[in-house]
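So the structure is just underneath, and the comments pick up after that.
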Amino acid sequence: MSRQASKLVGSLASKVFANPAPVVPYSPLSRHFAAAPPAPAVFVDKNTRVICQGITGKNGTFHTEQAIEYGTKMVSPPPEPSSSSGKGLVWIVVAFLTSSVGLLVFLASSVDLFGSDLHLDFRFPRPLPKDLLISSALVGGVTPKKGGTEHLGLPVFNTVSEAKAETKANASVIYVPPPFAAAAIMEALEAELDLVVCITEGIPQHDMVRVKAALNKQSKTRLIGPNCPGIIKPGECKIGIMPGYIHKPGRVGIVSRSGTLTYEAVFQTTAVGLGQSTCVGIGGDPFNGTNFVDCLRKFLEDPQTEGEIGGTAEEDAAALLQASFQACDLLESKTEKPVVAFIAGLTAPPGRRMGHAGAIVSGGKGTAQDKIKTLREAGVTVVESPAKIGVAVLDVFKQRGLVD
Amino acid sequence: MRGSLGKLVAGSLSLAGRWQKQQLRRLNVHEYQGAELMSKYGINVPKGVAVSSVEEVKEAVRSGFPNEKEIVVKSQILAGGRGLGTFKSGLQGGVHIVKTEEVADIAGKMLGQILVTKQTGPQGKIVSKVYLCQKLSLVNEMYFAITLDRQTAGPLIIACRKGGTSIEDLAEKFPDMIIKVPIDVFKGITDEDAAKVVDGLAPKVADKSASIEQVKKLYQLFCERDCTLLEINPIAETSDNQLVAADAKLNFDDNAAFRQKEIFALRDPSQEDPREVDAAKADLNYIGLDGEIGCMVNGAGLAMATMDIIKLHGGTPANFLDVGGNASESQVVEAFKILTSDDKVKAILVNIFGGIMKCDIIASGIVNAAKQVALKVPVVVRLEGTNVDQGKRILKESGMTLITAEDLDDAAEKAWNSESPPK
Chain F
3 MSRQASKLVG SLASKVFANP APVVPYSPLS RHFAAAPPAP AVFVDKNTRV
53 ICQGITGKNG TFHTEQAIEY GTKMVSPPPE PSSSSGKGLV WIVVAFLTSS
103 VGLLVFLASS VDLFGSDLHL DFRFPRPLPK DLLISSALVG GVTPKKGGTE
153 HLGLPVFNTV SEAKAETKAN ASVIYVPPPF AAAAIMEALE AELDLVVCIT
203 EGIPQHDMVR VKAALNKQSK TRLIGPNCPG IIKPGECKIG IMPGYIHKPG
253 RVGIVSRSGT LTYEAVFQTT AVGLGQSTCV GIGGDPFNGT NFVDCLRKFL
303 EDPQTEGEIG GTAEEDAAAL LQASFQACDL LESKTEKPVV AFIAGLTAPP
353 GRRMGHAGAI VSGGKGTAQD KIKTLREAGV TVVESPAKIG VAVLDVFKQR
403 GLVD
Chain Z
81 MRGSLGKLVA GSLSLAGRWQ KQQLRRLNVH EYQGAELMSK YGINVPKGVA
131 VSSVEEVKEA VRSGFPNEKE IVVKSQILAG GRGLGTFKSG LQGGVHIVKT
181 EEVADIAGKM LGQILVTKQT GPQGKIVSKV YLCQKLSLVN EMYFAITLDR
231 QTAGPLIIAC RKGGTSIEDL AEKFPDMIIK VPIDVFKGIT DEDAAKVVDG
281 LAPKVADKSA SIEQVKKLYQ LFCERDCTLL EINPIAETSD NQLVAADAKL
331 NFDDNAAFRQ KEIFALRDPS QEDPREVDAA KADLNYIGLD GEIGCMVNGA
381 GLAMATMDII KLHGGTPANF LDVGGNASES QVVEAFKILT SDDKVKAILV
431 NIFGGIMKCD IIASGIVNAA KQVALKVPVV VRLEGTNVDQ GKRILKESGM
481 TLITAEDLDD AAEKAWNSES PPK
């Protein structure tokens, strides 16, 4: 069976590479600062310029080093777009229903699943030319009282506003420790950056509630996180702590609350040749800047994203369902789009929360099985074993004629 | 396929119940501690004294309740369902209303004993203190809670004119009886907000403006002490027109520990699984369960997935253990020690997808742990990610008998098979 599967995937893979996914064309000449570049499809792209808040701290230093290193080893430019770009948007939605403790998705690394016939050497991508580094590399850092100094070859500023003025940064990554992280987010918000990615874990909920309330009052700045691994557009921009080498530019959008579990999803979609358009880690905190639905909307409008993998908490499963319905409506008006969902996770016993407040607020009960049923009735394909996700995704692609 | 999912869901419900209680390690405090804290904020609570021994009881009754004929004696454990629980010694009920003369006797039967309730699990929890409470003549019992709501992204006050244990059924059948008042986190609680809450409670005799003040004080406590939940069930009216918090449940945000030292000093480790207490000391995220396959994984999501796939393959996870992204070698050693010290564990599954966590660190940790602790059970290791080749090499060169796995399915399968007696 695995030989058949590997043959199948082998032929699929060669076809995938022959008619690669339509992607934004790569052109170093398009990067000039006179005219503002178009906004990124899903929050980041090769024009994103990032400053690091907390750069001189322990975490800031370590991750900045990693980021600089990744900049010299980024994947090769995406291939030229094919003519068959409108084949259809594949919508792959993975719902992770969680218990109260966390996310549950289980994915297998499918390289061996398909046998050694398929050898995708995604671990050792070709380096990009040096001038490309500017757009997605870090351009500076912020640590109060250390302005005017240099750290790891980058200029350090006292405030976000100063850094933004000097470096023309439009995004920030935050590695500031929990007692000060919320204030750091607020500072970036006040400086009107386009994007703030907060990696910090352990910010008090009451602080985040205030940050969220402030975020909701404006529309210029988007926050991703906190307590998240970050966001990556393979080949163009990496903000955060994810291992860059497992990613490959491609067709699947991924949004998830869990870090390492996202890596499994990435690993698998890379291994089957689909690659990722953008991967967003929205983080595990109850109050975060960007949620599942926010990312879904972006993926829907992104021509490069042909499929999606998404993770959500059980409490948000209702939002997932809503988002799926919305997506189905939107997508149906274009071409037929399959929706594939992974139910991975254990549900809490209905209505049981810490105290009664949670159940009362959410208005009652609903088991995982109820949600699976509802998703299926909405036309979503629900895959039960996340270890089989690769196969399922490829099946769906095949069924919809997205791979010949 | 449907069958396995159903099995998974069903099998997990009891497990999930346990996880539910350990949810994200929010601090719980005992009833008497909550009452003490609330009275500091000027919130009406029944008069009460916590005691740890029979000797203290006599003095407490004499000085605290000189005129009472009856006193409520409540076991202090960090779990609900005390009233209907049973002591391992045989005594029925963790809450008793007795005549003053009998207090010492009943307290003596509770102190130092293990109380088993629907929420403690079969092993129960030890009663180190009992709370002697004034018996109130209550006119009416209502429900009140403040929580941080994800939908409104802010504090939410919930009020219901009927309280009690069947509140959830009520919420489902009569949703209009549940009044929800979201509070603007910048403005704070206004008189108008508080009045809406009091209207929702619909007290029969309690003075309205005094009740409004009580609501505001509760909100103040909720914010100032970084509570994630403040639930008062029942909040009651006494015959002398007062609103009283007859029983309260307070949860505090673990992330706020650095600025709530006084509150977090109230933590009672005797109510926690000793394995978890050890793990917390080593700064590991660990939740003990009852199964046979010990797990060590990096990342909460992946850890949950690992437990799930173990169950899918027919095994039972012994724990949830997330070594996190920044684990040092010594933490890995500690984690391994905790896993191997669990008698129930028949196999260990290590599943690491290294991003920031490096596979060679994990591998060195395992090798060092094996030197310090006799490995009695098979160990299945699946490594992927940063420095995976170094990691695998370290394991190979150690000469340890390890079972390597390539993917998650493979790892779970091998762990399950390794539990059986050798062929």
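In order, the protein sequence lines correspond to chains F and Z.
Our numbering numbers the first residue of the first sequence as 3 and each following residue consecutively.
Our numbering numbers the first residue of the second sequence as 81 and each following residue consecutively.
Here a beta-carbon is modelled for each residue, glycine too, at the ideal position from N, C-alpha and C.
Values in this document were obtained by computation on a predicted structure and should not be read as measured data.
Review point. Can you name, in chain order, every residue of its own chain whose Cβ lies under 8 Å from the Cβ of Arg-339 (chain Z), other than the five neighbours on each side?
Key: Asp-306
Check your understanding: Quick one, are the C-beta atoms of Ala-398 (chain Z) and Glu-311 (chain Z) less than 7 Å apart?
Key -> no
**Study point:** Neighbouring residues, chain Z, relative to Pro-206 (chain F) (Cβ below 8 Å)
**Key:** Asp-306, Asp-333, Asn-335, Ala-336, Arg-339
Check your understanding: How should Pro-580 (chain Z) be labelled, buried or exposed, when 16 other C-beta atoms within 10 angstroms of its C-beta is the threshold for buried?
Key -> As shown, chain Z starts at 81 and ends at 503. That puts residue 580 (chain Z) outside it, with no answer to give.
Review point. Should Ala-233 (chain Z) be flagged as near chain F, meaning a C-beta pair shorter than 7 Å?
Key: yes
Practice item. Would you check if there are 3 or more beta carbon pairs closer than 8 Å linking the segment 359 to 369 of chain Z to the segment 158 to 172 of chain Z? Key: no
Exercise for review: Report yes if the CB atom of Ile-234 (chain F) is closer than 7 Å to the CB atom of Arg-259 (chain F), and no otherwise.
Suggested key: no
Check your understanding: So with Cβ pairs under 7 Å, would you call Ile-186 (chain Z) a contact of chain F?
Key -> no
Point to revise | Residues sharing a beta bridge with Val-261 (chain Z), DSSP | key: Z:Ile-237
Exercise for review: Under 8 Å by Cβ, that's how I've got Ile-263 (chain Z) and Cys-240 (chain Z) pegged, so tell me the actual separation to the nearest angstrom.
Suggested key: No, Ile-263 (chain Z) and Cys-240 (chain Z) are not in contact; Cβ-Cβ is about 17 Å, not under 8 Å.
Practice item. May I ask you to list the residues that DSSP assigns as paired with Val-152 (chain Z)? Key: Z:Ile-177, Z:Cys-213
Exercise for review: Could you tell me if Glu-342 (chain Z) is buried or exposed, where buried requires 16 or more neighbouring beta carbons within 10 angstroms of its beta carbon?
Suggested key: exposed
Exercise for review: Assign Gln-55 (chain F) to buried or exposed, taking buried as 16 or more other Cβ atoms, counted over all protein chains shown, within 10 Å of its Cβ.
Suggested key: buried
**Study point:** Expected contact under 8 Å - CB spacing of Gly-435 (chain Z) and Pro-245 (chain F) to nearest Å
**Key:** 5 Å
Check your understanding: Is the distance from the Cβ of Val-153 (chain Z) to the Cβ of His-176 (chain Z) below 7 Å?
Key -> yes
Check your understanding: According to the Cβ coordinates, are Thr-272 (chain F) and Asn-378 (chain Z) closer than 7 Å?
Key -> no
Check your understanding: Which same chain residues, not among the five before or five after Ile-315 (chain Z), have their C-beta less than 8 Å away from its C-beta?
Key -> Glu-221, Met-222, Tyr-223, Phe-224, Gly-243, Leu-281, Leu-323, Val-324, Ala-325, Ala-326
Review point. When you compare only the Cα positions, how much space is there between Val-211 (chain F) and Ala-233 (chain Z)?
Key: 6 Å
Point to revise | Partners in chain Z for Ala-215 (chain F), counting only beta-carbon separations shorter than 7 Å | key: Ala-233, Gly-234, Val-265, Phe-266
Review point. Where DSSP assigns a beta bridge to Ser-174 (chain F), which residues make up the other side?
Key: F:Ile-53, F:Val-198
**Study point:** First through last residue of the alpha helix (DSSP H) which encompasses Lys-120 (chain Z)
**Key:** 111 to 120
Check your understanding: How many Å lie between Ala-345 (chain Z) and Glu-304 (chain Z) at the Cα?
Key -> 16 Å
Exercise for review: Whole angstroms is fine: what's the gap from Lys-266 (chain Z)'s alpha carbon to Ala-251 (chain Z)'s?
Suggested key: Per the sequence shown, the amino acid found at residue 266 (chain Z) is Phe instead of Lys. Rounded to whole angstroms, Phe-266 (chain Z) to Ala-251 (chain Z) spans 29 Å at the Cα level.
Practice item. Given a cut-off of 7 Å, decide if Lys-209 (chain Z) and Leu-236 (chain Z) are closer than it, judged by their beta-carbon atoms. Key: no
**Study point:** Beta-carbon neighbours of Ile-436 (chain Z), restricted to chain F and to distances below 7 Å
**Key:** Ile-243
**Study point:** Every unbroken alpha helix (DSSP H) inside the segment 250 to 304 of chain F [4 residues or more]
**Key:** 261 to 273, 294 to 303
Check your understanding: What whole-angstrom Cβ distance do Val-207 (chain Z) and Ser-155 (chain Z) have, given they're in contact under 8 Å?
Key -> 4 Å
Practice item. Output the boundary residues of the alpha helix (DSSP H) element that contains Arg-142 (chain Z). Key: 134 to 144
Check your understanding: Going by the beta-carbon positions, is the gap between Ala-372 (chain Z) and Lys-426 (chain Z) smaller than 7 Å?
Key -> Note on residue identity: the sequence assigns Glu, not Ala, to residue 372 (chain Z). Yes, they are a contact pair.
Check your understanding: Applying the criterion that 16 or more other CB atoms from any shown protein chain within 10 Å of the CB defines a buried residue, is Lys-329 (chain Z) buried or exposed?
Key -> buried
Check your understanding: Taking Cβ positions, are Gly-374 (chain Z) and Arg-355 (chain Z) nearer each other than 7 Å?
Key -> no
Review point. Cβ of Ala-385 (chain Z) less than 7 Å from any chain F Cβ?
Key: yes
Point to revise | Close Cβ partners of Lys-127 (chain Z) (< 6 Å) along its chain, the five nearest in sequence each way excluded | key: Gln-214
Point to revise | Simplified DSSP state of Arg-212 (chain F), which is helix, strand or coil | key: helix
Exercise for review: Please confirm if Arg-212 (chain F) has its CB atom under 7 Å from at least one CB of chain Z.
Suggested key: yes
Practice item. Give the C-beta separation of Ala-492 (chain Z) and Ile-390 (chain Z) to the nearest angstrom, bearing in mind that I take them to be a contact with Cβ-Cβ under 8 Å. Key: 5 Å
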